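Engineer: Let me give you the structure first, and then I'll get to my questions.
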């Protein structure tokens, strides 16, 4: 095990994970909004936001897929030591972490069952930048219209067409997180 | 040890909160769909809000101000005990003012004061399945939700009309969420149904005994089921509040003696109290009854 793997976790897990979850909840409930999220110091190349999401949502019951750019010994050790999440292949994953290029094609991920649409994957996509510009978002959680710098639109349009099945997405960059649930209608501008 | 150090923050252990949090996020992503979750035994009986308490526990942060209402009232046994529970186990602040609260746990009402962004409304739900009294088998109701087969619910509402001349369902009135799932709004009066859709706050529903969590994200469409010729109406007692004079709030009827005397008062105690504090007085109110 790499020594760095032991560091960088929550120092006060109940309170830090509570604050992190609130940011994650607001992000998923209000697509297109950016939320600061903090509390952990994951090893590179993970962003703070992605690391905190992993610590807040993953544990021994949530199989995790690491995309190629994240699938390094230090990341594997860090995730395993702090969460115990089993690292698995794409089709078994409940959570997936990586850059958009790592995760493509995204139609490999679990979209849930027609009678249990909640059994779907959550993607955590590491982004080089996050801003309120780009594709137009409408749907639940959005009062009128929102904009978010998505890595592409076609995959999210295809995902919305599967509703109520489909995967849900967090976009992370540095200490910021944005959510894009399957219910959001994405249109290129 | 003080109360705060004797328990984990907000009572539940971290593994349980992660499980509940994952269910809440899936609920938010699929508005109106009931997400199964591994409900825990809580230190209160089923029917006292074990589902709502678990959802609140998973959402609370140390900076929160919590309000708990039971049928609109802040001062009833259920509300007082849940508020005290989180004061002891999470060390958070509590309030009775709707506008000051960041998290509001409710049993059977939506506050009169409009909610804002940044607030979370947590409902205690006894029976989350709107079709349960029409079809007792879970396997069947799950299939009906999957196939969007809600004809039975319309038949039920139609039978109301044929028997009573109107839709007689006065609470627990089903809504259709974003044109997809029919959802049980918990036993709120149908007077509150118009506040479900387009609300600025996040609305989370927890059913402890039935082990389901569901959600309405902000600004989500939730339409009360009706017919073109029998449109939905949000009804209330045809009266104004006897204490604060509010003509537009939901009212409780209170029997005041054994001679049949009665009065109508706001079910939302904070709304009524702040109106009286602002100088509004109803026919039976007294000027000094501020707050």
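Chains as they are written, first to last, in the working numbering: chain A, 1 to 189; chain B, 1001 to 1291. Ideal placement from N, C-alpha and C gives every residue a C-beta, glycine not left out. Since we're looking at a predicted model, the values are computed, not measured.
Within 9 Å of any Cβ in chain B, is that where the Cβ of residue 21/A sits?
Structural biologist: In the first chain, the residue the question calls residue 21/A occupies position 21. For residue 21/A, the answer is yes, since a Cβ of chain B falls inside 9 Å of its Cβ.
Engineer: Have a look at the DSSP bridge pairing and note the partners of residue 1204/B.
Structural biologist: Numbered from 1 along the second chain, position 204 holds the residue referred to as residue 1204/B. Paired residues: 1122/B and 1215/B.
Engineer: What are the residues in the segment 1140-1169 of chain B lying within 7 Å of chain A by C-beta distance?
Structural biologist: Hits within the stretch, in order: 1142, 1143 and 1146.
Engineer: Taking Cβ positions only, does residue 131/A come closer than 9 Å to chain B?
Structural biologist: Indexing the first chain from 1 puts residue 131/A at position 131. No, residue 131/A does not count as interfacial toward chain B.
Engineer: List, in chain order, every chain A residue whose beta-carbon is nearer than 8 Å to that of residue 1227/B.
Structural biologist: Position 227 of the second chain, counted from the first residue, corresponds to residue 1227/B. Under the 8 Å cutoff, chain A gives no residues; its nearest Cβ is about 26 Å from residue 1227/B.
Engineer: Where does residue 1064/B land, buried or exposed, given buried means 16+ other C-beta within 10 angstroms?
Structural biologist: Locating residue 1064/B in the second chain gives position 64, where the first residue counts as 1. Answer is buried; the Cβ neighbour count reaches 16.
Engineer: Counting Cβ pairs closer than 8 Å, one from the segment 76-90 of chain A and one from the segment 59-66 of chain A, do we hit at least three?
Structural biologist: Yes: the two stretches touch, three or more of their Cβ pairs being nearer than 8 Å.
Engineer: Output, in sequence order along the chain, the residues in the segment 1006-1024 of chain B whose CB is closer than 8 Å to any CB in chain A.
Structural biologist: Answer in chain order: 1008, 1009, 1010, 1014, 1015, 1017, 1018, 1019, 1021, 1022, 1023 and 1024.
Engineer: Thinking C-beta only, is residue 1188/B closer than 9 Å to residue 1109/B?
Structural biologist: Counted from its first residue, the second chain places residue 1109/B at position 109. Counted from its first residue, the second chain places residue 1188/B at position 188. A contact, by the Cβ cut-off of 9 Å.
Engineer: Is the beta carbon of residue 115/A sitting closer than 9 Å to the one on residue 1142/B?
Structural biologist: Looking up residue 115/A in the first chain gives position 115. Looking up residue 1142/B in the second chain gives position 142. Their beta carbons are under 9 Å apart, which means residue 115/A touches residue 1142/B by this criterion.
Engineer: Listed in chain order, which residues of the segment 165-184 of chain A have Cβ atoms closer than 7 Å to some Cβ of chain B?
Structural biologist: If the cut-off is 7 Å between Cβ atoms, the segment 165-184 of chain A has 168, 181, 182 and 183 near chain B.
Engineer: Which term fits residue 1164/B, buried or exposed, when burial requires 16 or more other beta carbons within 10 angstroms of its beta carbon?
Structural biologist: In the second chain, residue 1164/B corresponds to position 164, counting from 1. Exposed.
Engineer: Are residue 172/A and residue 53/A closer than 9 Å when you measure CB to CB?
Structural biologist: One-based indexing of the first chain puts residue 172/A at position 172. One-based indexing of the first chain puts residue 53/A at position 53. Yes.
Engineer: Nearest by alpha-carbon distance to residue 189/A: which of 169/A, 71/A, 150/A and 170/A is it?
Structural biologist: Reading the first chain from its first residue, position 189 is the one you call residue 189/A. With distances taken between Cα atoms, residue 189/A lies closest to 150/A.
Engineer: Closer than 9 Å, CB to CB, is residue 65/A near chain B or not?
Structural biologist: On the first chain, position 65 is the one that residue 65/A refers to. By this cut-off, residue 65/A is not an interface position.
Engineer: Using DSSP bridges, identify the partner residues of residue 1017/B.
Structural biologist: If you number the second chain from 1, residue 1017/B lands on position 17. DSSP, once it has assigned bridges, lists no residue as partnering residue 1017/B.
Engineer: From the beta carbon of residue 87/A, is the nearest beta carbon of chain B less than 9 Å away?
Structural biologist: What you label residue 87/A is simply residue 87 of the first chain in a count that begins at 1. It does not: the Cβ of residue 87/A has no partner Cβ on chain B nearer than 9 Å.
Engineer: Against chain A, with Cβ distances strictly below 9 Å, would residue 1056/B count as a contact?
Structural biologist: Walking along the second chain from the start, residue 1056/B turns up at place 56. For residue 1056/B, the answer is no, since every Cβ of chain A falls outside 9 Å of its Cβ.
Engineer: With distances taken between CB atoms, is the gap from residue 1077/B to residue 1098/B smaller than 9 Å?
Structural biologist: Taking the first residue of the second chain as 1, we reach residue 1077/B at position 77. Taking the first residue of the second chain as 1, we reach residue 1098/B at position 98. No, they are not a contact pair.
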